[in-house]
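Asks: Quick one: the structure is below, and I'll ask about it shortly.
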Amino acid sequence: MTRRTVRIAMNGVTGRMGYRQHLVRSLLAIREQGGLDLGGGETVWPEPVLVGRREDALRDIARRHGLTEWSTDLDSVLDATGSGRVDIYFDAQVTPARPAALKRAIAAGKHIYAEKPTATDLAGALELARLADEAGVRHGVVQDKIFLPGLRKLKRLVDSGFFGRVLSVRGEFGYWVFEGDWQEAQRPSWNYRAEDGGGITVDMFPHWDYLLHELFGRVTSVFAQTATHVPQRWDERGAPYRATADDAAYAVFQLDGGIVAQINSSWAVRVARQELVEFQVDGVLGSAVAGLRHCRAQHRSATPRPVWNPDQPTTEPFGDQWQEIPDNDEFDNGFKAQWELFLRHVALGEPYRWDLLAGARGVQLAELALRSSAEGRRLNVPELTL
Ligand SMILES: NC(=O)c1ccc[n+]([C@@H]2O[C@H](COP(=O)([O-])OP(=O)(O)OC[C@H]3O[C@@H](n4cnc5c(N)ncnc54)[C@H](O)[C@@H]3O)[C@@H](O)[C@H]2O)c1
1 MTRRTVRIAM NGVTGRMGYR QHLVRSLLAI REQGGLDLGG GETVWPEPVL VGRREDALRD
61 IARRHGLTEW STDLDSVLDA TGSGRVDIYF DAQVTPARPA ALKRAIAAGK HIYAEKPTAT
121 DLAGALELAR LADEAGVRHG VVQDKIFLPG LRKLKRLVDS GFFGRVLSVR GEFGYWVFEG
181 DWQEAQRPSW NYRAEDGGGI TVDMFPHWDY LLHELFGRVT SVFAQTATHV PQRWDERGAP
241 YRATADDAAY AVFQLDGGIV AQINSSWAVR VARQELVEFQ VDGVLGSAVA GLRHCRAQHR
301 SATPRPVWNP DQPTTEPFGD QWQEIPDNDE FDNGFKAQWE LFLRHVALGE PYRWDLLAGA
361 RGVQLAELAL RSSAEGRRLN VPELTL
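The sequence shown begins at 1 in UniProt numbering and counts up by one.
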């Protein structure tokens, strides 16, 4: 067995996503399984080099996980040669800090893997995609939701022809994010300040773009109504601040093939669903409701025949009339699954479509949704090319 070490600079690794999902649940989990098996007696061994602003926090993470390399100097990590050279630059910093760091890493010839959104505006996101292509480096953007069990089962239904012609998709995403005064907020405060890259539209619409695209077809238009329902919040130090970013977005999308999708996204809603996100898909031959883990379906042959009569109590147990889709598979952590495909792309040149151009499509949809809300009209989503 030959072991190929791939050195990965991980920036933003003290954050929620960088630490938990990317370091612990992805790269360290790959190491725990003995590396990524490429077949033919070869494995990839990811070697994280932790990068960030606070040395004590980085040292602490390294110590906890038996890692030996960390730095507060991104330039020196990117410029290192010989055995200190890194192959991949990964970025999970706050969004506004990302484009400059990605450009720096592309200029240093590193392969790029980045959290979404890749930039704060479409021009910046497209520039990154162009620069990476010109530099000939490999690049990927996190699109974790399509690797989740519930959505993979939904994809299985789509691919099997279960729905026949798909008519519509309805998504509900959200939960109550505490204001931070009498109970601590469960998301970082920058999410609620537009000037710091916050807002539910820029956060979630990149996910909706690739989800709709991968499952049903390209998004061709958007109408959105955004809101800041909770105007004041309290930050990590308990200080009050004004919420300048949207905390809810109500959107209608048209997709290739005439499918209509509507998705509500909100951090100011209480959960009366089975999961924090759920999508109902209605097709001529059947319907399904998919969440993060579960997916249940109803075939047209098992469809009840309700008759509208407000004078009568509901007699049908509608919620029980759906059939759970079995796993029939082993589902790994979604972030890890996507990391493994990216590492294969880097090591073997296998095709990988979730790249910086796909990331730019997500930024484009968020940008157009915000403009749609500001202008009160539906906007077409032009197809992006470099
Ligand atoms: N894929 C997903 O499902 C998903 C979910 C949540 C967040 N995200 C994305 O991940 C990124 C990080 O989000 P998070 O929730 O982990 O945030 P976080 O606040 O927990 O972490 C942010 C990281 O960036 C660093 N940072 C903070 N301010 C900085 C600055 N001014 N300059 C440089 N670095 C700074 C922090 O030290 C920390 O390491 C965001 O871009 C967000 O959009 C993705």
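Note that the Cβ used here is the ideal one computed from N, Cα and C, for glycine as well.
Between Trp339 and Leu27, which are expected to be in contact by the criterion C-beta below 8 Å, what is the C-beta distance as a whole number of angstroms?
Replies: Their Cβ separation, rounded to whole angstroms, is 7 Å, which keeps Trp339 and Leu27 in contact under 8 Å.
Asks: For Tyr210, does the three-state DSSP call read helix, strand or coil?
Replies: Here Tyr210 sits in helix by DSSP.
Asks: Using 8 Å for Cβ pairs, my map puts Arg293 next to Pro149. What's the rounded Cβ distance?
Replies: Going by Cβ atoms, the distance from Arg293 to Pro149 rounds to 5 Å, so yes, they are a contact pair.
Asks: Is Met17 near ligand 3, with its Cβ less than 7 Å from a heavy atom?
Replies: Because ligand 3 does not appear in the structure shown, any question about it cannot be addressed here, the ligands present being ligand 1.
Asks: Quick check: the Cα distance between Asp133 and Ala114, rounded to an integer number of angstroms?
Replies: Each residue's alpha carbon lies about 15 Å from the other.
Asks: Any heavy atom of ligand 1 closer than 7 Å to the beta-carbon of Glu214?
Replies: No - ligand 1 has no heavy atom lying nearer than 7 Å to the Cβ of Glu214.
Asks: Considering only heavy atoms of ligand 1, does any lie closer than 7 Å to the CB of Val49?
Replies: No - ligand 1 has no heavy atom lying nearer than 7 Å to the Cβ of Val49.
Asks: Comparing C-alpha positions only, which one of Leu151, Asp247, Glu350, Gln183 sits nearest to Val277?
Replies: Of Leu151, Asp247, Glu350, Gln183, the residue nearest in Cα terms is Leu151.
Asks: Starting from Ser76, trace the alpha helix (DSSP H) both ways and give me its first and last residue.
Replies: It spans 74-79 - the alpha helix (DSSP H) in which Ser76 sits, taken as one unbroken run.
Asks: Between the Cα of Val346 and the Cα atoms of Leu365, Ile112, Ser265, Gly39, which residue gives the shortest distance?
Replies: Of the listed residues, the one whose Cα sits closest to Val346 is Ile112.
Asks: Could you give the residue range of the alpha helix (DSSP H) that holds Val269?
Replies: Run containing Val269: none; DSSP gives neither H nor E here.
Asks: Considering only residues of the same chain and omitting the five flanking positions on each side of Val137, which have a CB-CB separation below 7 Å?
Replies: The residues are Ile106, Gly109, Lys110, His111, Ile112.
Asks: Under 8 Å between the Cβ atoms of Leu78 and Ala288?
Replies: No, Cβ-Cβ distance for Leu78 and Ala288 is not below 8 Å.
Asks: Do Arg53 and ligand 1 come close, with the Cβ less than 7 Å from some heavy atom?
Replies: Because some heavy atom of ligand 1 lies under 7 Å away, the Cβ of Arg53 counts as near it: yes.
Asks: Does ligand 1 have a heavy atom nearer than 7 Å to the CB of Trp182?
Replies: Checking the Cβ of Trp182 against ligand 1 gives no.
Asks: Among Gly359, Ser301, Leu343, Thr228, which has the Cα closest to the Cα of Asp87?
Replies: Of Gly359, Ser301, Leu343, Thr228, the residue nearest in Cα terms is Leu343.
Asks: Consult DSSP for His294 and reduce its assignment to one of helix, strand or coil.
Replies: Reduced to three states, the DSSP call for His294 is coil.
Asks: Could you tell me the alpha carbon to alpha carbon distance between residue 403 and Lys336, rounded to whole angstroms?
Replies: Any property of residue 403 remains undetermined from this structure, which presents the chain solely from 1 to 386.
Asks: Using CA coordinates, which residue listed in Tyr192, Ile146, Phe318 is at the minimum distance from Trp354?
Replies: Comparing Cα-Cα distances from Trp354 to each of Tyr192, Ile146, Phe318, the minimum goes to Ile146.
Asks: Return helix, strand or coil for His345, following the three-state DSSP convention.
Replies: Helix.
Asks: Got a sec: does ligand 1 put a non-hydrogen atom nearer than 7 Å to the Cβ of Val169?
Replies: Because no heavy atom of ligand 1 lies under 7 Å away, the Cβ of Val169 does not count as near it: no.
Asks: Can you say whether Pro99 is buried or exposed, counting buried as having 16 or more other CB atoms within 10 angstroms of its CB?
Replies: Buried: at least 16 other Cβ atoms inside 10 Å.
Asks: I'd like the list of long-range same chain contacts for Ile8, defined as Cβ closer than 6 Å, with 5 residues on each side in sequence excluded.
Replies: If we look at Ile8 and ignore the five residues flanking it on each side, its Cβ neighbours are Pro46, Pro48, Ile88, Phe90.
Asks: Please classify Thr2: does DSSP put it in a helix, a strand, or coil?
Replies: Thr2: strand per DSSP, three-state reduction.
Asks: Where are the beta strand (DSSP E) runs, 3 residues long or more, that stay fully inside the segment 160-212, in chain order?
Replies: Counting only runs of 3 or more, we get 166-174.
Asks: Straight-line CA distance for Ala243 to Thr2?
Replies: Looking at the two C-alpha atoms, the distance is approximately 53 Å.
Asks: DSSP has Trp70 in a bridge; who is on the other side?
Replies: Answer by DSSP bridge pairing, in chain order: Leu50.
Asks: On the CB-based measure, 16 or more other CB atoms within 10 Å of its CB, does Gln186 come out buried or exposed?
Replies: Exposed, by the Cβ-count rule.
Asks: Between the segment 174-184 and the segment 57-69, do at least 3 Cβ pairs fall closer than 8 Å?
Replies: Contact between the segment 174-184 and the segment 57-69 is absent, because fewer than three Cβ pairs lie under 8 Å.
Asks: So who's on the other strand from Arg89, going by DSSP bridges?
Replies: According to the sequence as given, residue 89 is Tyr; it is not Arg. In DSSP, Tyr89 forms a bridge with Ala9, Ile112.
Asks: Is it the case that the Cβ atoms of Ala248 and Trp267 are separated by a distance below 8 Å?
Replies: Yes, Cβ-Cβ distance for Ala248 and Trp267 is below 8 Å.
Asks: Is there at least one Cβ from chain E nearer than 8 Å to His345's Cβ?
Replies: Absent from the structure is chain E; it holds one protein chain and no more.
Asks: Identify, in the order they occur along the chain, each residue of the same chain with its Cβ nearer than 6 Å to the Cβ of Trp208, setting aside the five sequence neighbours on each side.
Replies: Result list for Trp208: Ile263, in chain order.
Asks: Whose C-beta lies closer than 8 Å to the C-beta of Tyr210 among residues of the same chain, with five residues either side of it excluded?
Replies: Contacts found: Gln143, Lys145, Ile146, Trp354, Ala358, Arg361, Gly362.
Asks: Less than 8 Å between the CB atoms is what I'm expecting for Val252 and Phe223, so what's the real figure, rounded?
Replies: Right, the Cβ-Cβ distance comes to about 5 Å (below 8 Å), so this counts as a contact.
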